[in-house]
Structure formats: C-alpha cells, structure tokens
Amino acid sequence: MVSIKKELDWFTVFLWFGLSLIGLIAIYSATQGPVSEFLPSVIQNNFWKQLFFVGLSTGLLFSLQFINPSIFKNFSYLAYGLSLLLMIYTLFFGQEINGAKSWLRFGGFGLQSSEFMKITTILAAANYLTSRRNLSAEKIRYALVSFIIILVPTGLVIAQNDFGTAIIFIALIPIILFWSGLPYGVALLMISPAIILYLSVFDWLYGAIALVLLTIAVFFLQKSKWLSLVSLIMGTATVAAVQFALTNVLQPHQVARIIAFTNPSYDPTGAGWNVIQAKTAIGSGGWLGKGFLEGTQTQLRFLPEQWTDFIFCVVGEEFGFLGASILIVVFMIFLLRLLHLSINHKHPFAQLVTLSVASVYFMHFFINVGSATALLPVIGIPLPFISYGGSAFIANTLMLAICLNMDLYKREFSIYS
Amino acid sequence: MSELNNNQRTRISIRVMQVLFGLLCLVVLGRVFFLQVIEYEQYSLQGERNSIRQEIISPPRGLIFDKKGELLVDNVPIFTLTINPANYDTSNNSLIANLLEIDVSIIRDQVTKARNYSWYRSSPLISDIDFEHFAVIQQNLWRLPGIGHQLESKRNYTQKVNASHILGYLREADREDFNSNKNIHLGDKIGKSGLELIYQEDLRGESGVEFKRVNAYGQTLGSFDLSSERRNAIEGANLISTIDSDLQAFAEDLLVNKTGAIIVMNPNTGAILTMASSPNYEVDRLAGRLDQSYWADINSDTTRPLFNRAISSRQPPGSTFKPLMGIIGLEEGLVTPETIIKNTGGYQRGRLYRDIAPKGDYDLVKAITYSSNTYFYKLMDDIATSGRLNKWSERVKDFGLGSDLEIDLPSATTGIVPDSAFLDRWFGKSRWGLGDLINLGIGQGIISVSPLQVATMTSAIANDGYRVYPYLVERIETNYSTTIPSKKSAKKIEWVNPKHLEIVKEGMKGVVQEGSGRFYVKNDVIDIGGKTGTAQNPHGYSHGWFTSFAPFESPEIVVTVFLENAGFASISAAPIARLVIEYQLTGSYSNYVYNYVKNWEPREDDSGQTTD
Chain Z
-14 MVSIKKELDW FTVFLWFGLS LIGLIAIYSA TQGPVSEFLP SVIQNNFWKQ LFFVGLSTGL
46 LFSLQFINPS IFKNFSYLAY GLSLLLMIYT LFFGQEINGA KSWLRFGGFG LQSSEFMKIT
106 TILAAANYLT SRRNLSAEKI RYALVSFIII LVPTGLVIAQ NDFGTAIIFI ALIPIILFWS
166 GLPYGVALLM ISPAIILYLS VFDWLYGAIA LVLLTIAVFF LQKSKWLSLV SLIMGTATVA
226 AVQFALTNVL QPHQVARIIA FTNPSYDPTG AGWNVIQAKT AIGSGGWLGK GFLEGTQTQL
286 RFLPEQWTDF IFCVVGEEFG FLGASILIVV FMIFLLRLLH LSINHKHPFA QLVTLSVASV
346 YFMHFFINVG SATALLPVIG IPLPFISYGG SAFIANTLML AICLNMDLYK REFSIYS
Chain G
763 MSELNNNQRT RISIRVMQVL FGLLCLVVLG RVFFLQVIEY EQYSLQGERN SIRQEIISPP
823 RGLIFDKKGE LLVDNVPIFT LTINPANYDT SNNSLIANLL EIDVSIIRDQ VTKARNYSWY
883 RSSPLISDID FEHFAVIQQN LWRLPGIGHQ LESKRNYTQK VNASHILGYL READREDFNS
943 NKNIHLGDKI GKSGLELIYQ EDLRGESGVE FKRVNAYGQT LGSFDLSSER RNAIEGANLI
1003 STIDSDLQAF AEDLLVNKTG AIIVMNPNTG AILTMASSPN YEVDRLAGRL DQSYWADINS
1063 DTTRPLFNRA ISSRQPPGST FKPLMGIIGL EEGLVTPETI IKNTGGYQRG RLYRDIAPKG
1123 DYDLVKAITY SSNTYFYKLM DDIATSGRLN KWSERVKDFG LGSDLEIDLP SATTGIVPDS
1183 AFLDRWFGKS RWGLGDLINL GIGQGIISVS PLQVATMTSA IANDGYRVYP YLVERIETNY
1243 STTIPSKKSA KKIEWVNPKH LEIVKEGMKG VVQEGSGRFY VKNDVIDIGG KTGTAQNPHG
1303 YSHGWFTSFA PFESPEIVVT VFLENAGFAS ISAAPIARLV IEYQLTGSYS NYVYNYVKNW
1363 EPREDDSGQT TD
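Here the protein sequences come in this chain order: Z and G.
Here the first sequence stands for residues -14 to 402, numbered as in the numbering used here.
Here the second sequence stands for residues 763 to 1374, numbered as in the numbering used here.
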C-alpha cells in the first residue's frame, strides 16, 4: 500500500493550487472589483461560486487518490458511452449560452457536458490504442478506430456550436499519433496544413514560404520523395483554399472577424473591438501593472468576458508583466511536470493519458492567451484553472487527479496490467 | 518492435513534446513581453484615451420674450431613451414598441441606425417621450438590458400666440451644418428658420468641455480633473423682441381661416409689433421628437403654411401705391396740389385704361380719396414720356418697395420695381413701351411688393419722410451684458418735401372718411389715414390690401393687411386693419366689425359704387 502523504506528487498539486489561486484573484477583480456595479448580480456571484468549485475540486482531487487506477482503464468505454449520451441529450435539451448549446441546467448550476467528454474521450482512445498487443498506430485500422473515438464527440461539439472545444478534440489526434510512433516527418506533414493555414490568413505569400520550408523539412526527416510531393500538394491546396474561402465562400461577418484578427484597427467598434481592448489591457499593464482592482480596462468593463475567455487580460493589466510572466511560467512548469510524470510512467495507458491531458491543458492555454494577445484569432475557450467555470474547473481537476492517481500507483498499476 | 524499444520511442516523443510545449510557452511569454514592455507607451496612452472622454456640455438655449417681457419661447426637459446595441436583445423590440405605444418598425429602424453608429456606444433610441411612458419603461427596465435614458431639452412655446413664422423651428444639425461651423456638434439642434435661425449664434451660447471617466458603455463615472482643459458652458442670450403678444394674438385670431398677412409696425422706429401670416403651422409639433407625418403634411400642403406671407409674398401693391405716386408727381413738378384731371370713365392712351371712380374733376387729394385711376395713369404717362422712369424707380425704392428691407428674418423678398435696365432684361432691349408702364401708376403691371414693404412705405408717409428698417429684436440680453442688434436707424429720405406728405395724407384721411374706408374703418374715436388696394390675380378673386396709420395727427402705428383672393379690399382687408388699430390704441374694439370679420367670406364687391 502506498502512502499518499509521501508519494503523491505534491509539486504538481502545489502548482495546481497556485494556478487556482491566481484564477481566484483574477476572478475577484473581474467580478467583485469596482466593475461590479456594471455587472448583473449573476455574474458578480461568479467569484463565490468559483471559490466553492475550488473547494469541491480539492476534495475530489484528494479523494480520487484512494481509487485503484485500473478502474479508469476498465470503465473507460462505459464512461465514454455515457458521456456521449449526455452530449446528445444536451444537444436536444440543453441551454444556449453565448451561441453555444452546450449547457444543462441543474437548479442554479450549469453543467457543460463537453468538459467531461474530454476526459472520457482521452481514456477511451488511450485504452483502445494501448490494449492492442502491438501498440503501434502503424496498423492503419487501429489508427482509424482511435480517430473515430475522437471524431464522434468532436462532431457533437460542433453540433453544439462550440468550435473552440472542437479544436481541442481534433488536436488530440496528431498527439496520439505522434506518441504511438508516427514518424516525425509524417507528424510534421500532418500539422503542416494548420501552420500554412494560419500564415495564409495574413498573406498568401507567408503561407507559400511556410509551404516551401515545411516541404524541405519533411524531405530531410523522411528522405521520401513521395511524402515531400504530398506535402507540396497539400500545402498548395491549403493556400489556395484559404484564398478562395476569403474571397468567395465565407460570409461577410466571418471575413470581418478574420480581417479583425489580422488588422484589429480596421473596425474598432465592431469585430476588432475585443482584440483591441484585450491588447490595450495587457499592453497598458507595463512592468508591474496598474495594481489590484485598479485596471481601467477591467474595472470600466472594456474587456469582454473578462471572467472567462479574457481573464488573462485582467492579470496582465493589473499585475503587469511580472504577474503575467508568473502565470505563464507556473503554467509552463506545470505542463512540463505533467509530461515528466508521463515519461516516468512505464504503463503505456497511463503515459498516453497523462500526455493527452497535458496536451489538452496546453492547447487551452495557448489558444486562450494567444487570443488575448492577438497571436491567434479570437477563439473563445477558457484558461484552465484560472477562468471562471464550474464544469471546466471540476473536469480539469478530475483529469489532473487521474494523472496523479496513476502516478501514485505507478508500480502497482504496471504489475496489475 | 520490442517492448523496450517501443517504450524508448514514446519517451523520446514525449521529450520532443516537452521541448515543443516549452518553446511555445516561451513564444507566448515573448509576445506578452512585447506588448507590455516594448509597446507599453502606445497601449498605456490608448488605455487612458479609452476611459477618458471629452464631453461637450450644451448650454441652455436663450429664451425669447415679447416687448413687455412675456415669455414666448423657453426650454423644457425631455426624456430620451438610449440604446447600447451590444447589450440589447432585438427580441425586445416589440415589447418596447408596446410600452411606448408606437409602431415596432420605428424601433427596428432606430436599432439598426444605432448599430450602424456603434455597437458599444449609446445612441438615442426614441427622444422626447412623455413622463408616463418614461415611467412605464423604467418599471420594465429589468427586462430591457441595453436600454438607458438621458435628459435633454426642447423648445417650449407659449400657448398665447402662434407666431410660428417669426420664431421659426429647430432641427438637428446635418452634416453640412457641422462642416460649415466647427462649433456645432453631432446631435445639436440649430435654428432652421425665423429668429431661431437669424439669432442662432446668440441663442446657442457657447458649449463647454468637460473630461469624464467613462466605462465601455459610455456611462459617465464622474468628472476627471483636467482643470486646464475644462471649459464651462455659457448659456445662450435671451432675445427681447418687439412683438406685442396681445396684439399678435388678436391679429392671428382675425386671420383664422383666411389666407394673408397682418403687419403692425411702429412707423417711427420700424419695430414690428405684430406679424401674422396665415395659414401658419404648429411650431411646437416640430420641437423635440419630430412629428414626421405632420412635417410631411405642412411641406406638401398647397396652402403653404411654412410660407411667411408677411415678408415673402410678392404681389402688385394696387392702389396702395397711389399716395407714393402723388408724392413723386409733386416732387417732379408734374402735378401741383391744384392740378385737376378729369375722369371721363377712363384714360385714353393707345387704348382705354378703365377708371370706375365717379366721373368728374379730380385734384390729388380727391384722386387718392376716391382712388381715381385716371389721375395716376396720366401722371405715370407724364413720368414715362418725360424720360423719368429711372428717377421714378429710384424714388419708389427709397420708400422701401423693390429694395431689401434688411429685416432680421430669413427669406424676405426684395420684390420688383422696374427701371429701364430691368425692363430691358425682362422684355428684351427696346421691346417694351409706354403700354407696359401706364399701369404702374395704379400699382399694377410689372411691380410686386411684400406686405412688409407696403408697411415700410406707409411708415415713411406717416413719419414725415423717414425710411425705417423693420426689425423684430429689440435687445439681446445675457447675464452680463445687453446688446442692441446692429440695425440701421430711420433715415430721412432727402428729397421728400413734408408739405407734399401733408397733401397725400389728407387724401388718405379722406379714404377713411369718405372713400372706400367709410364703411368699416371710419369711427368716432381714432382718426385713421389709409389706402385700400386690389392686386389683380389671374387665379380667382383679387388679393385685397389695406394699409393705414393712426392716430392721424401723430402716428403711433402702421397697420398693413393683405388678404389673398379676398375680392375688394374695402370690405375684406380694411375692417381687419380697423380692428387692429382700435384694439391697439384703445384696448377695445367694435363687436359689430369683429363679428363681420369673423363671419366674412370672400366675394367681389357687389355695391358697384366704389373702387378700391
């Protein structure tokens, strides 16, 4: 029997707690500060609700450590199936908030089923891949099945009109493939359209340069003419598709959003407003920030969704580069620590789950902060452990608790399976 | 592939991921460093600008008083609903429309307009809602996110007089207005007609500037102290007008259901005591929220209620012109007071110019009294044939006809008094002749004047030959100063001989005692001098004129009445002038004549015994 007190990875728990604390401080400022007079009481209460969720999650985190880790593996398909049903139920009977129909109401609380879907998808996909005798995705059938395990919930999330979360799901595919032995060149080939797409939105020339560089990289990694050719064709098609979509396919308001990303000052009160206000909040923070509850952008309500999607701006404005860099560095150490736990685990299931969980956190972090700093177009997803949101906080903590549990029992777990 | 190898491979993959995540985190950190440290200056400035708003404080507009200090126009507060499109839910359109009891399409249009202006700044939704509706909205505010209100003011008019043509209305400044005047801001209301337009700069005052801290909704959160930049608003100046509101109200009452104008002027100064034009419009319906259907109605109304007949109407003066003809004839030496001209029923010159005055011998006094045309045809003939047309034209213009009176109202007409150059333009060089001129002697033909010009001419006769410049504003008062608007003072018309004036005035007294005025103007209390006139009109009945001054010995007022399509002036315009004089000078009036005027209907004179 292991000693939780001695063998639990307290460093990760400590980092988790640090992030939650930063989140609570930022949510307090964003909802309880002078800004509260412009906010409905429902939103003012967000701080107190978050405090409750942090407490609840702390209990959950520790009580989960008493569970045998094989349960996560054994019940992964059941949990996956149940959460799919919940997703479908939400699709029909859910409540629409900010355009996304991803909420179920229980009294005063809302349940966002897609947050829990993330956990069960990771567990199911990992279980499927690692249950094969040869856990290589070289066998194309295994790879396809694991794709489907991921793509079904992705489709449901898209049906709920929540594109931000869909991106998180899709990003799991290359990560799992990469882990399971996909050659580096092929992995690069797989993510190259995303990179080319990102750059093509600014200018097709950037996309074309990236296309050439990526093709050369693929060639050197794989030494295969065919793969390089595929890379060239895919990349060219991406550049062309972006140009075509921008000029012919997308609706004017969608184009406006994309233009607002590449040039926010183009329509400062329309689509570019969020970006400009977010950048202004962060930029005006300077080295040390304007002080707790002193941020004019935050407290005068210039920031949209400042308790969730734009919470990073609150930290940046009120605590400056000092505060923002603490947040980023703590998050980075937290991610690297999780990957370290993943490496140290001998059991492939635990390894893949921990890697996937870290990747989900990372994608959230990168997209959220990238949106707020105009590194990426505005995609509304929360910052894990920092943004307000009960479902997200509990689900994210649950994922962490599973990783910690498997780390805690890593010797027994390897023997059992 | 062995288990170990495989494990080794996945470990390397995870290491690669570690490096990748670490690098991307550093990219984010670098981006934040770039924004917060490198570009700090730019964003901190923008942050300040974001939340500090320069606010223009509109000063209260100046008030307008009548000559006795009675308030004609002041300001009242109105509630305006505002909308913040970012927070507003369009499914509430019909709820708001129901609460306000207006058509939902109005709300929809306004919401679209507000969205086009800005998603995050407040725009007016519906202005000038009454307190009851405002209260209903306030009760329902909890289910109307994005709706707010602000306090504004609108013009409020006395109920006693209409005076719409004098006062004028305000409208929201358009793009052209603020391009031409940098003191005008978006949403300002500025004078578009009447005194509101002419005295716009005085009434408006000076707007102040204040710096306020605002939130993203544009809600103000108190002043932001930037004392060096702050400027207080200076309230608009008040106008003390020359209008006598009691007399104005009386005159307006007399014109109800008639088309025409009444002018009452002080002949010694040019101060206008009353200026009524009928039909008029309800100026208060153009204040605050514009009543669109009413605005469309008065603009398309064929009776042209927006048209100020008192100063803009152009009609031949008819026989009211005869006294001035007499003065010019005497001055030119073409006639003397003793000159007798025989009326044989008309004046034969190329053709017969008809004269319906009793046949017989006429000197000047009698010719004015009985309005004999022959006398003045002959006189005009002499003027023209002795080559004095241009001299005549100048002298007529000295009395104000055909010249700019420089009154402080917009769109006053200059009228037409021809000279040879004008006739050359009008008919073509040398393509006009005596036949086009003789009619001018009785104020017909190519001559047109406004009622105000006739009043100005009459003033010059009444005041011993001084040309006055009519005006409506006596003083412009602020808390600190009183200014007199720049205007020309009465000027002696050099060539006029007071003895000649006495002769024509005698004739005008005769008009009232024995001539066309004897029916309704003659009375035992006030001696009145006057002259009727009929302006022939190709469309329907003739227009009727009566211009007069009283008391005869030392005139205090000139009253000019002009009625469109009224038929003979002696039974239409003259009784109105009499009532006005009586009311102003004695405070009472003949009920008999009043009832006659109120029940009067246009008709051609049927007595057959008189001309105008």
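Think of the CB as a built atom: it goes at the ideal place given N, C-alpha and C, for glycine as much as any other residue.
Output the boundary residues of the beta strand (DSSP E) element that contains residue i.
i: residue 1319 of chain G; result: 1319 to 1325
i: residue 890 of chain G; result: 885 to 891
i: residue 97 of chain Z; result: 94 to 97
i: residue 952 of chain G; result: 951 to 953
i: residue 374 of chain Z; result: Element bounds for residue 374 of chain Z: n/a, residue is neither H nor E.
i: residue 1292 of chain G; result: 1291 to 1297
i: residue 90 of chain Z; result: 85 to 91
i: residue 1309 of chain G; result: 1305 to 1312
i: residue 1238 of chain G; result: 1235 to 1239
Got a sec? Which residues, its chain only, sit under 7 Å from residue i by beta carbon, not counting five neighbours each side?
i: residue 203 of chain Z; result: 170, 173, 174, 212, 213 and 216
i: residue 1107 of chain G; result: 1117 and 1121
i: residue 1177 of chain G; result: 1076, 1163, 1164, 1210, 1211, 1212 and 1215
i: residue 1039 of chain G; result: 927, 1023, 1070, 1071 and 1072
i: residue 38 of chain Z; result: 375, 378 and 379
Alpha helix (DSSP H) containing residue i: first to last residue?
i: residue 841 of chain G; result: Premise fails: residue 841 of chain G lies in the beta strand (DSSP E), 833 to 845, not in any alpha helix (DSSP H).
i: residue 82 of chain Z; result: Unbroken run through residue 82 of chain Z is the beta strand (DSSP E), 80 to 82; no alpha helix (DSSP H).
Name the DSSP bridge partner or partners of residue i?
i: residue 1039 of chain G; result: G:1023
i: residue 915 of chain G; result: G:839
i: residue 827 of chain G; result: G:833 and G:1002
i: residue 968 of chain G; result: G:996
i: residue 1229 of chain G; result: G:1253
i: residue 1211 of chain G; result: G:1077
i: residue 1104 of chain G; result: G:1123
Determine, for residue i, whether the minimum Cβ-Cβ distance to residues of chain Z falls below 9 Å.
i: residue 729 of chain G; result: In the structure displayed, chain G extends from 763 to 1374; residue 729 of chain G sits before or after that span and is not available.
i: residue 810 of chain G; result: yes
i: residue 772 of chain G; result: yes
i: residue 854 of chain G; result: no
i: residue 794 of chain G; result: yes
Nearest by alpha-carbon distance to residue i: which of the options is it?
i: residue -11 of chain Z; options: Z:53, Z:231 and Z:324; result: Z:53
i: residue 951 of chain G; options: G:1185, G:1350 and G:822; result: G:822
i: residue 294 of chain Z; options: Z:269, Z:260 and Z:285; result: Z:260
i: residue 128 of chain Z; options: Z:99, Z:167 and Z:11; result: Z:167
i: residue 1 of chain Z; options: Z:326, Z:319, Z:335 and Z:354; result: Z:319
i: residue 71 of chain Z; options: Z:60, Z:89, Z:58 and Z:303; result: Z:89
i: residue 1217 of chain G; options: G:1356, G:1186, G:1319 and G:1341; result: G:1319
Please tell me whether residue i has its Cβ less than 9 Å away from any Cβ of chain G.
i: residue -5 of chain Z; result: no
i: residue 325 of chain Z; result: yes
i: residue 122 of chain Z; result: In this predicted model, residue 122 of chain Z has a pLDDT of only 48, less than 50, meaning its place in the structure is not dependable enough to derive any value.
i: residue 354 of chain Z; result: yes
i: residue 5 of chain Z; result: no
i: residue 227 of chain Z; result: no
i: residue 264 of chain Z; result: yes
i: residue 416 of chain Z; result: The question about residue 416 of chain Z has no answer, for chain Z in this structure spans -14 to 402.
i: residue 336 of chain Z; result: yes
i: residue 331 of chain Z; result: yes
i: residue 413 of chain Z; result: Nothing in the structure corresponds to residue 413 of chain Z, since chain Z is present only between -14 and 402.
i: residue 271 of chain Z; result: yes
Which residues in the same chain as residue i place their Cβ atom closer than 6 Å to its Cβ, once the five residues preceding and following it in sequence are excluded?
i: residue 287 of chain Z; result: 262
i: residue 995 of chain G; result: 819, 821, 969 and 970
i: residue 397 of chain Z; result: none
i: residue 872 of chain G; result: 887
Looking at residue i and the ligand COA, is the gap between the Cβ and the nearest heavy atom below 8 Å?
i: residue 855 of chain G; result: As presented, the structure is devoid of all ligands, the ligand COA included, so that no description of it is given.
Let me see if you follow: with CB-CB separation under 9 Å, is residue i close to chain C or not?
i: residue 776 of chain G; result: Among the chains of the structure shown, chain C does not appear; the protein chains present are Z and G.
So, at 8 Å on beta carbons, what are the nonlocal neighbours of residue i in its own chain, with the 5 sequence-adjacent residues on each side left out?
i: residue -6 of chain Z; result: 322, 326, 389, 392 and 393
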